[in-house]
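Residue numbers (my numbering): 13 to 519.
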């Protein structure tokens, strides 16, 4: 029987959404201070206005319940699911007022893309966007990459009225450290360390490329944030190609890979348990998958004749595969090349690469290596069982911080997520095709949106149909929650409006 929402549940959910909106007000201070420091006074007024809206809305929502009880699982699902939408709606306000977006819907698309670290953009004239507005785009990516709830828990914004249900509802089922608060703080501190280190290195590279110090600092910071959090947005319309620097691309790839690995494994390595890292099913699946997909993509690019020399081809191919599997979405192959020169076969390879994604419990999107590895082992075991005698059958196990058994419940859960992703991808492709786009481009764009990648073959632009904008916003939102959380919420909401059946008592 489906759990239903009561009015009391609704008020509790509103309270915690209010807490997150008030947290958004704190985050808005980052671009506000940036604008004031650089003398961007028009931006100052926009962010003061957005700050006022955030404080007002957050306070009203928080007053819905003054002393809420401990969150239940269904309430945690609702808070986590609705948080991304509410934050996107409020976070879009200063962007919509900047003059760089055709409509409020375009700004909501941008905000949702940033929060979910998808990286797709509908911005106009990006090269002349204010530093404050860019800072806000990357602030949203940074918070979204860590997880809105993770950041809030690490700061203690929810008090003591929460448990692991709120943490798990954001797609993180593992505790790096037994205590929830300590787990979230480890994630934030570890990420901050790598972002700071990456910023220092990238700022140095930007200075060597001839940028002035202030511009080099912001470019280095934004690239580090977007890389580790696998966000994929850039401050230049030409993206990573603007820098024309192989060393910069190598540093970015290292940050991307670090952000794509499960934080639990980072914790194990930090404690000196390196053997857990190399024996882990996700790392081994990742190594095999990247080897296969990179070789196939290089072969497809060779057949396309995009590049004349092998070193450039290998550099572009490896960077593109790393950006695609990690859901970062940086492009060193231009949109024009993707649509006119690169073969349909190469695009299809990227679609598969984008679909699988990185590790669970990381900053990446997609189906995740853990699920792929588990389903692959179960499939191999099933084939073996068909030809093996009953007495020779053994339990199927995998290694993830110790040996674990694959049972029917685990397989069923992984297949459910796979089915939901596949269904969303299919629907998105069909709707995109209905607007007259060709098959390969529609498949590519649908995969990019459904799996939170952000790469584009030319469809994602300010002039695309409004229906596609709304559909892609939903894809980014649902994909960030791996569909299950949002589907569970929507089902419970629908069930709440279905009247209970009266039971007839026999006399």
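Backbone N, C-alpha and C fix where the C-beta goes; we use that ideal spot for every residue, glycine too.
Between which two residues does the alpha helix (DSSP H) carrying residue 332 extend?
-> Taken as a continuous stretch (DSSP letters only), the alpha helix (DSSP H) holding residue 332 covers 322–337.
Alpha carbon to alpha carbon, how far is residue 236 from residue 164? Give it in angstroms, no decimals.
-> A direct Cα-to-Cα measurement between residue 164 and residue 236 gives close to 22 Å.
Of the choices 468, 499, 335, 268, whose alpha-carbon is the least far from that of residue 133?
-> 468
Look at the Cβ atom of residue 294, then the Cβ atom of residue 382, and state whether they are nearer than 7 Å.
-> yes
Answer yes if the region 431–446 comes into contact with the region 317–326, meaning at least three C-beta pairs across the two stretches below 8 Å, and no otherwise.
-> Cβ pair count under 8 Å is below three, so no.
Going by CA-CA distance only, name the one from 23, 196, 61 that's closest to residue 81.
-> 23
Inter-residue Cα distance where the pair is residue 260 and residue 77 = 50 Å
Report the option in 36, 55, 54 whose CA atom is closest to the CA atom of residue 67.
-> 36
Residue 245: which of 207, 363, 150 sits nearest, CA to CA?
-> Ranking the options by Cα distance to residue 245, first place goes to 150.
When we look at the beta-carbon of residue 282 and count the other beta-carbons within 10 Å, is it buried (16 or more) or exposed?
-> exposed
Straight-line CA distance for residue 98 to residue 29?
-> 8 Å
Where DSSP assigns a beta bridge to residue 416, which residues make up the other side?
-> 410
Residues in its own chain within less than 8 Å of residue 301 by CB, not counting five upstream and five downstream?
-> Hits under 8 Å: 337, 368, 381, 384.
Any C-beta of chain B under 7 Å from that of residue 353 = Although the question refers to chain B, the structure presented lacks it and comprises just one protein chain.
Pair within 7 Å by beta-carbon distance, residue 396 and residue 408 | Not closer than 7 Å, so no.
Taking the alpha helix (DSSP H) that residue 146 falls in, what are its first and last residues?
-> First-last of the alpha helix (DSSP H) with residue 146: 143–158.
Exposed or buried, which one is residue 140 when buried takes at least 16 other CB atoms within 10 Å?
-> exposed
Do the region 342–349 and the region 443–451 make contact, defined as three or more Cβ pairs closer than 8 Å?
-> Output reads no: the region 443–451 does not touch the region 342–349.
Through-space distance from residue 509 to residue 18, alpha-carbon basis | 10 Å
Terminal residues of the alpha helix (DSSP H) in which residue 86 lies | Looking at the DSSP string, the run of the alpha helix (DSSP H) that includes residue 86 is 85–108.
Beta-carbon separation of residue 353 and residue 268 under 7 Å?
-> no
Under a Cβ-count criterion, where at least 16 other Cβ atoms within 10 Å of its own Cβ denotes burial, should residue 339 be classed as buried or exposed?
-> buried
Residue 492 - DSSP class collapsed to helix/strand/coil = For residue 492, the secondary structure class from DSSP, reduced to helix, strand or coil, is helix.
Report the option in 208, 207, 464, 161 whose CA atom is closest to the CA atom of residue 31.
-> 161
Under the three-state reduction of DSSP, which class applies to residue 343: helix, strand or coil?
-> Here residue 343 sits in coil by DSSP.
If you check the beta carbons only, do residue 464 and residue 424 fall under 7 Å apart?
-> no
Inter-residue Cα distance where the pair is residue 448 and residue 125 | 24 Å
Between the beta-carbon of residue 127 and the beta-carbon of residue 147, is there less than 7 Å?
-> no
Could you round the C-beta distance between residue 215 and residue 229 to whole angstroms and report it? I think they count as a contact, below 8 Å.
-> 5 Å
Where does residue 135 land, buried or exposed, given buried means 16+ other C-beta within 10 angstroms?
-> With 16 or more Cβ atoms within 10 Å of its Cβ, residue 135 is classed as buried.
Looking at the unbroken alpha helix (DSSP H) that takes in residue 453, where does it start and where does it end?
-> 451–462
Taking residue 275 and residue 155 to be in contact with their CB atoms under 8 Å, please state how far apart those CB atoms are, rounded to whole angstroms.
-> So it is not a contact: roughly 16 Å between Cβ atoms.
Mind checking which residues open and close the alpha helix (DSSP H) that includes residue 16?
-> That residue, residue 16, is in no alpha helix (DSSP H); it is neither H nor E in DSSP.
Distance CB(residue 64)-CB(residue 33) smaller than 7 Å = no
Tell me whether residue 187 sits in a helix, a strand or coil according to DSSP, three-state version.
-> With a pLDDT of only 48 at residue 187, under the threshold of 50, the placement of this residue in the model should not be trusted, and no figure is reported.
Measuring CA to CA, which of 54, 49, 103 is closest to residue 38?
-> For residue 38, the nearest C-alpha among the options comes from 103.
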